[in-house]
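Anchor point for the first sequence: position 353 equals 1038 in the working numbering, and the numbering is continuous, going up by one each time. Notes follow the structure.
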Amino acid sequence: MVRTRFAPSPTGYLHIGGVRTALFNWLFSRKHGGQFLLRIDDTDQERNVEAALAPILHGFRWLGLDWDEGPEVGGPHAPYYQSQRLPRYQDAARKLLAAGLAYRDFATPDELRLERETAEAEKRPFIYSRRWMAETDAQAKSFEGQGRQGVVRLKMPREGKLLIPDLVRGDVEFDWAREQDHVIQRADGTCLYHLASVVDDFDFEISHVIRAEEHLSNTPRQIFIAQSLGYPLPEYAHLPYVAEPGSKNKLSKRKIAAYLKNPDFKKVYDHGQGIATALGLTTSAETFNPVIVDFYEQVGYLPDAILNYLVLLGWSLDDKAEFFSRDEMIANFSLERVGKSPASFDPKKLWSFEDKYMQDLPTKQKVPKLIPYLQQAGFLPKPVPCEVGPRLAQIVEAAGNRIKTFGDILSFTSFLTADDQIKYDEAAFDKAIRAPGAVELLTNYRTQLATVEPYEVPRLETFSQEFIAAEGKKIGELVHPLRVALTGQGVGLGLFDTLAILGRESSMRRIELAIYKAATVGRGSVT
RNA sequence: GGCCUGUUCGUCUAGCGGUUGAGGAUGCCGGUUUUUCAAGCCGGAGACAGGGGUUCGAGUCCCCUACGGGCUACCA
């Protein structure tokens, strides 16, 4: 049975690189008909774990990465919180001690530091002398008599080599002699990460440890612990890290300010920020930032698009395939085809996947997703009136690929406001409506619009063409002022779609209003 | 410093000694379409980090250098 796990720390946010690691674990387990679990690495934080975990679990659910065991779903190996498993780790430490594969150590921090500095000064690698090692109770008593406090250290081999077969990187060789006698249990009895991690992976019957490459160097000490405890070894696969946009430096959520100098990153960020503002969200760099998954949910990206982008970040099937449904990802994923080199996070390429996926999403699936955005921004009441659905469908159809994230619907809210509540884009108004002849043209157009039959897109188009020909003008001279009059904005949907969606009455009222404003309100103060 | 690890177009990647005058995607540039914007369509520029080997032949194997990343904690 293949069992994989992802082990987040409860930090309050889900990092895009972490999602990639989780995704690979999830895909691998699903591909082999196995199970995927979540384990919480909270050995360090005592405070508010539940609150800090909630956004992470929420992110997993939003992305559709389900877990078979872990927080909120439980499972046969509960608890899945490291902070609640201390007795297991202490038990393991006792066994290691009893087998002579670990020892109690009474060195003070200062003594250790001195050894380390001496080694450094002599330009030789530091290896602890084990001078304050206590292998018998008598020795321990004697050290304790001096007021010293004991920790438990691994008694690492000091010769020989270790070969780690890694499913991504091939065989990796380490010298045991370079490994430190790591502390596995503190003087206060609490245990450290490496011990906890190995014990949990065994207890949870993890078959494949798929994790970030920063753990590759940690693997020898973990293998030592596992072997010393008589555990079977899992398979290992170390994934390359996710790098910054446009560079090979590791991606970090703390460096957004620097990333914003990257035009592509900034474009994606600004787009999201615009939607957040329209929604009235208070955003903080902690969570509202393209490095954090929350960002994409709030702006209204499609989880499938994000997953498709991420699966290609370090994995590929061949030289052609780029679009994968969830099932296709599962069917095709393999660790053998995971790359060894770091991959830069490119928000612009993610954007292109989002664009494509949104284009493929049928209107009737888009509409219900759009409604919460319109409600949040105050354009729709909470129980939605039933006539809104068809109207939104009409807008969505006309908007076509202009809606790239669900939040983009907020660019088309002029269809949902009262005719006299239109907000004009000043520059567009001044340029189009105050253009020479524009008001006169709009006046004539409005008059004739009253009798156009049927009031539908094809007829509106031919009517407009005929009208403009009769006036001896070019179509652009009508289109631009008319669009501003109808929507308040210089850019928008196709003009005939706009007329049709608004309907005859609204269209005429809006044209009248624009004409009136042009006559009565000065430049730069229409709104 | 020591050890481990990585390096093909700006970016994601294909390539597992010869079929490669290095393929695809994204981005960029140009053209086309057009009522704006977006999309679409057509075309273009763009890479094997550097240096040594091995071989009849190297992006593909080996070594060195440079530059990333990790570990070297009583962090995870």
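Glycine included, each C-beta is placed from N, C-alpha and C at the ideal position.
Taking Cβ to Cβ, would you say ALA963 is nearer than 7 Å to LEU771? no
Looking at C-alpha atoms only, which residue of LYS1159, GLY1209, GLY702, VAL1169 is the closest neighbour of GLU929? GLY702
Return yes when the Cβ of THR1048 is within less than 7 Å of the Cβ of GLU1082, no when it is not. yes
Check whether the Cβ of GLY965 lies closer than 6 Å to any heavy atom of the ligand PLP, and answer yes or no. The ligand PLP is not part of this structure, which contains no ligands at all.
If you draw a straight line from the alpha carbon of THR1183 to that of LEU1171, how long is it in whole angstroms? 8 Å
Could you tell me how far apart the beta carbons of PRO1027 and LYS1089 are, in whole angstroms, since I believe they sit closer than 8 Å? Incorrect: roughly 28 Å between the Cβ atoms, too far for contact.
Along the chain, where does the beta strand (DSSP E) that runs through ALA707 open and close? That residue, ALA707, is in no beta strand (DSSP E); its alpha helix (DSSP H) goes 701-716.
Going straight from the alpha carbon of ILE1186 to that of ASN1086, what length do you get? 17 Å
Which one of LYS951, ASP851, ILE910, VAL1176 has the shortest CA to CA distance from LEU781? ILE910
Taking GLN907 as part of the beta strand (DSSP E), name the residues at either end of that continuous run. Here GLN907 belongs to no beta strand (DSSP E); instead the alpha helix (DSSP H) covers 904-913.
Please report how far the alpha carbon of THR1180 lies from the alpha carbon of TYR954, in whole angstroms. With the sequence shown as reference, residue 1180 is identified as Leu, and Thr is not the correct amino acid for it. Distance between the alpha carbons of LEU1180 and TYR954: 30 Å.
Cβ of HIS893 within 7 Å of Cβ of THR689? yes
Are the CB atoms of ALA862 and ARG838 within a distance shorter than 7 Å? no
Contact check, LYS952 vs LEU945 under 8 Å by CB: the rounded distance? No, LYS952 and LEU945 are not in contact; Cβ-Cβ is about 10 Å, not under 8 Å.
Is ILE895 closer than 7 Å to PHE709 when the C-beta atoms are compared? yes
With DSSP collapsed to three states, give me the class of PRO930. coil
If I'm right that GLN1174 touches ALA1113 with Cβ under 8 Å, what's the distance once you round it to whole angstroms? 6 Å
Using a Cβ-Cβ cut-off of 6 Å (strictly less than) and excluding sequence neighbours within five positions of GLN870, which residues of its own chain qualify? ALA778, VAL837, CYS876
Could you have a look at ASP1104 and say whether DSSP puts it in helix, strand or coil? helix
Same chain, Cβ closer than 7 Å to ALA653, five either side skipped, listed in chain order: Here the chain covers residues 686 to 1212 and nothing more, so residue 653 does not appear.
If you follow the beta strand (DSSP E) that LYS1049 is part of, which residue opens it and which one closes it? Looking at the DSSP string, LYS1049 is not in any beta strand (DSSP E); the run it does join, the alpha helix (DSSP H), is 1048-1061.
With LEU1163 and LEU1126 assumed to form a contact (beta carbons below 8 Å), what rounded beta-carbon distance in angstroms separates them? 6 Å
Run through the stretch 998-1029 for me and flag every whole alpha helix (DSSP H) of 4 or more residues, listed as ranges in chain order. 1011-1017
With a CB to CB cut of under 6 Å and the five nearest residues on each side skipped, what residues in its chain are close to TRP711? PHE721, LEU750
I need the DSSP call for ILE1200, collapsed to helix, strand or coil. helix
Please state whether the Cβ-Cβ distance between ALA1084 and LEU1178 is less than 7 Å. yes
On the CB-based measure, 16 or more other CB atoms within 10 Å of its CB, does ALA1120 come out buried or exposed? exposed
Would you please state the rounded distance, in angstroms, between the beta carbons of ALA1203 and ILE1118? I believe it to be under 8 Å. 5 Å
Looking at the structure shown, is THR689 part of a helix, part of a strand, or coil, going by DSSP? strand
Proximity below 7 Å, CB of ALA823 to CB of ARG789: no
Separation of SER1019 from SER882, as counted between CA atoms: 24 Å
Using the Cβ count rule (16 or more neighbours within 10 Å means buried), how would you classify THR728? buried
Helix, strand or coil for ARG724? Go by DSSP, reduced to three states. coil
Quick one: what does DSSP say ALA806 is sitting in, helix, strand or coil? helix
Please work out which residues of its chain come closer than 7 Å, Cβ to Cβ, to THR904, disregarding the five sequence neighbours upstream and downstream, and give them in chain order. ILE849, TYR921
For LYS840, does the three-state DSSP call read helix, strand or coil? coil
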